[in-house]
Amino acid sequence: LVDSLGDITITNDGVTILKEMDVEHPAAKMVIEVAKTQDNEVGDGTTTAVVIAGELLKKAEELLEQEIHPTVIARGYRIASAKAMEILDNIAITIDVDDEEMLAKVAKTAITGKHAEYAVDHLANLVVKAIKRVAERVDGKYKVDEDNIKLEKRYGGSVKDTQLVEGVVIDKEVVHPGMPKRVRNAKIAVLKASLEVKETETDA
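If you want my numbering, it's the 1-based position in the sequence shown plus 10.
Here it is, written out as structure tokens:
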């Protein structure tokens, strides 16, 4: 994709493509909102959601051409949606939070298609560990606050170099090349002020 400023975006991610598209048609805008909602609520499956939404709109157009009233079509879609939810509830299975193998399979499904298949096992295991670390049990269900997980990108390494840091990452360089790169059992002081000698004020 090339935007109005000439910036190039190369991706196969459905929601990224749709966000970069400049559309005016109300139906097209609605499909983009479907993708955004899918991405915000689930984080995956945006392309599938767009394909299904497009097919529903296509079939609705065919019904309109047969002079079927829009309210009838909408009611039929609502009935179909309720039936689909019923079927999904019947085939759904309960996953134990301690079943890391099943959780990893769920993670692998989301990772597949993101050009990281060669590291899918490694990434899936990191995802499961991270989620289990921050998950909290609320009203009998596990809730995950996404703000408790931060992704930091670094250039120069492989996807397989991805690490899980159970703590805080502070993006700062050492002030001198001779300083140690790793300190174990360190005591850390976090100061809300700069460590520098202030210049004295003198009257001219």
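Quick reminder that beta carbons are idealized off the backbone N, C-alpha and C, glycines included. All values reported here derive from a predicted model rather than from experimental measurement.
With DSSP as the reference, label residue i as helix, strand or coil.
| i | result |
| --- | --- |
| K163 | coil |
| I78 | coil |
| V207 | coil |
| V12 | strand |
| D49 | helix |
| E43 | helix |
| G188 | coil |
| A199 | coil |
| S168 | coil |
| R194 | coil |
| E183 | coil |
| E34 | coil |
Assuming residue i is part of the alpha helix (DSSP H), what are its boundary residues?
| i | result |
| --- | --- |
| E156 | Segment: none, E156 is in no alpha helix (DSSP H) and carries neither H nor E. |
| A215 | What is shown of the chain runs 11 to 214, which leaves residue 215 out entirely. |
| Q173 | Per DSSP, Q173 belongs to no alpha helix (DSSP H) and is neither H nor E. |
| T26 | G24 to E30 |
| K68 | T56 to E75 |
Would residue i be called buried (16 or more neighbouring beta carbons within 10 Å of its own) or exposed?
| i | result |
| --- | --- |
| A92 | exposed |
| Q173 | exposed |
| G24 | buried |
| V237 | Missing from the structure shown is residue 237; the chain here goes from 11 to 214 and no further. |
| T122 | exposed |
| D181 | exposed |
| Q76 | exposed |
| V207 | exposed |
| V148 | exposed |
| D49 | buried |
| T47 | exposed |
| T210 | exposed |
| D54 | buried |
| T119 | exposed |
| L205 | exposed |
| A84 | exposed |
| V138 | buried |
| L133 | buried |
| L113 | buried |
| A59 | buried |
| V44 | buried |
| L28 | buried |
| V41 | buried |
Taking the DSSP output, what are the residues bridged to residue i?
| i | result |
| --- | --- |
| I217 | The structure shown does not extend to residue 217, since the chain spans only 11 to 214, so no value can be given for it. |
Which residue spans inside the segment 115–152 form an unbroken alpha helix (DSSP H) run of at least 4? 130–144
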